[in-house]
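Trainee: In UniProt numbering, the protein residues as written are 1 to 317. Every residue gets a Cβ at the ideal spot worked out from N, C-alpha and C, and that includes glycine.
1. Kindly list the residues whose CB is nearer than 8 Å to the CB of residue 292, restricted to its own chain and excluding five residues on each side of it in sequence; keep chain order.
2. Roughly how many whole angstroms lie between the Cα atoms of residue 181 and residue 190?
3. Closer than 6 Å by C-beta to residue 47: which residues in its own chain qualify, once you throw out the five before and the five after it? Chain order, please.
4. So within the UniProt domain "AAA+ ATPase" (141 to 290), which uninterrupted alpha helix (DSSP H) runs reach at least 4 residues, ignoring any that extend past its ends?
5. Which ranges would you report for the alpha helix (DSSP H) in the region 71 to 122 if only whole runs of at least 4 residues count?
6. Which whole-angstrom value describes the C-beta separation of residue 270 and residue 306, a residue pair presumed to lie in contact below a C-beta threshold of 8 Å?
7. Taking the C-alpha atoms as reference points, what is the distance between residue 14 and residue 57?
8. In three-state DSSP terms, what is residue 5?
9. Take residue 7 and list the residues in its own chain whose beta-carbon comes closer than 8 Å to its own, dropping the five residues that flank it on each side.
10. Rounded to the nearest angstrom, what separates residue 287 and residue 302 at their Cα positions?
11. Pair every Cβ in the region 157 to 173 with every Cβ in the region 196 to 204, then say whether three or more of these pairs are closer than 8 Å.
12. Less than 9 Å separating the beta-carbons of residue 114 and residue 93?
13. Which partner residues does residue 40 have in the DSSP bridge list?
14. Do you know how far the Cα of residue 62 is from the Cα of residue 246?
15. Spell out a yes or no on whether the region 144 to 156 and the region 273 to 283 are touching, meaning 3 or more CB-CB pairs, one atom from each, closer than 8 Å.
16. Name the two residues that bound the continuous alpha helix (DSSP H) containing residue 130.
17. Shortest alpha-carbon distance to residue 251 belongs to which of 230, 101 and 30?
18. Thinking just about the alpha-carbon of each residue, which of 243, 105, 159 and 150 is nearest to the one in residue 220?
19. Short check: CB of residue 16 to CB of residue 24, under 9 Å?
20. Mapping DSSP to helix, strand and coil, what is residue 14?
21. Rounded to whole angstroms, what's the CA-CA distance from residue 254 to residue 156? Just pull it up for me.
22. Check whether the Cβ atoms of residue 119 and residue 96 sit closer than 9 Å, and answer yes or no.
23. According to the neighbour-count rule (16 or more other Cβ atoms, all chains shown, within 10 Å of its Cβ), is residue 81 buried or exposed?
24. Is the separation between the beta-carbon of residue 102 and that of residue 60 shorter than 9 Å?
25. Where do the N-terminal and C-terminal ends of the beta strand (DSSP E) with residue 310 fall, by residue?
Okay, structure coming up:
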C-alpha cells in the first residue's frame, strides 16, 4: 500500500486518511475518474462517505500529475502498457486505464487523454491454496487443474499460491519442489515490474510477463523445461490448443477460467472441446459471490469426469 500512497494525488490521500487505519488492509480498489468523486472499494462495495466533499473529486490536473508519476515506473515500456490498458507498479499493484483509444489497422495502439484509473491493490494470501493440496496432488504428481469462478472470486489468488507451493515444495507433506513456468499475460499472477516478479512465488519459478498465453506456453516448454505450466484466464481457441499440446508433452497445467460454474463451461465453444478430451483431472469451482469476504470460497472440487470429490463452504484462507 505504501507504494500507492507515494503517488496518489492529494485529493485521494485526504480521502484515504479519513478512513480508519484498521480498514486500510481491506481496500481492494481505488478508482479515480476525472470530474467525479474518488471511490474506494472494500469487500466488493464502495466505502461509504462520512460526508460529500467536492474537494475529494479528481481533477484533470490530478490525472495529468498521476500519469506522469506512473510513467516513472515504466520508462522503457510505457507505450506498450498504454496499449494494453494497464500499468504495473512496485509492489505488484496494477493501475487500469480508460480514455480515448487510438487504433491502427483495427488494432489498439494506445490509450490517450486518460480519464479513469482503477488502482487494484495486490494482496497475496500466503497459504490460501494449502487446503487444495490433498485433492490436486497424488503420488508425486500434480493433477492438471482448472480453477473456475466469476470475476473477483479469488481465482488468481489461489493460482498464485498454488504456483508458490509447487515451486517451493511442501516438506512437511513430503512434496518436492517442481520447476514452474508462468505465462502472465496481464501481469496479475507475478505482478512483475521490469521483468522481476513482485509477488512471492518460490525459488523455482520462471515468468514470461505480458506475453500472450498460447505463444508463451510454447516458448516456456521449448526454453525453460517446466514441470508445471501456470496460466490465468484461458478463453481463446489458441489457448486451448496450446494447453492440449503442453499436456501431451507431459507438462502439468494449472489454469483459471471465467465461468459461473463447471456446467456452464460446456456452453463455451472454445472451452468445451478441451473439457471433452478429459485432459483436466481436477476442476476447482469457486463461489460466484464476488468480494473480499468470498474470495477463494470453494463450492466443490470435481475429477476429470465431473464427479464431485470434495464439497465445502469453508474459506481456503
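Mentor: In terms of the structure at hand:
1. Interpretation of residue 292 is limited by its pLDDT of 47, a score under 50 that renders its predicted location unreliable; the figure taken from the coordinates is listed afterwards. Correct list, in chain order: 26, 28, 42, 43 and 44.
2. Each residue's alpha carbon lies about 11 Å from the other.
3. 40
4. 155 to 168, 213 to 223, 237 to 248, 262 to 265 and 272 to 276
5. 78 to 84
6. Not a contact, Cβ separation roughly 19 Å.
7. 11 Å
8. If DSSP states are grouped into helix, strand and coil, residue 5 belongs with the helices.
9. Contacts found: 66, 69, 70 and 89.
10. 14 Å
11. yes
12. no
13. 30
14. 46 Å
15. Touching, yes, given that three or more Cβ pairs across the two stretches are closer than 8 Å.
16. Counted as a single uninterrupted DSSP element, the stretch harbouring residue 130 is not any alpha helix (DSSP H), since DSSP gives it neither H nor E.
17. 230
18. 243
19. yes
20. Helix at residue 14.
21. 11 Å
22. yes
23. buried
24. no
25. Residue 310: member of the beta strand (DSSP E) spanning 308 to 311, first to last residue.
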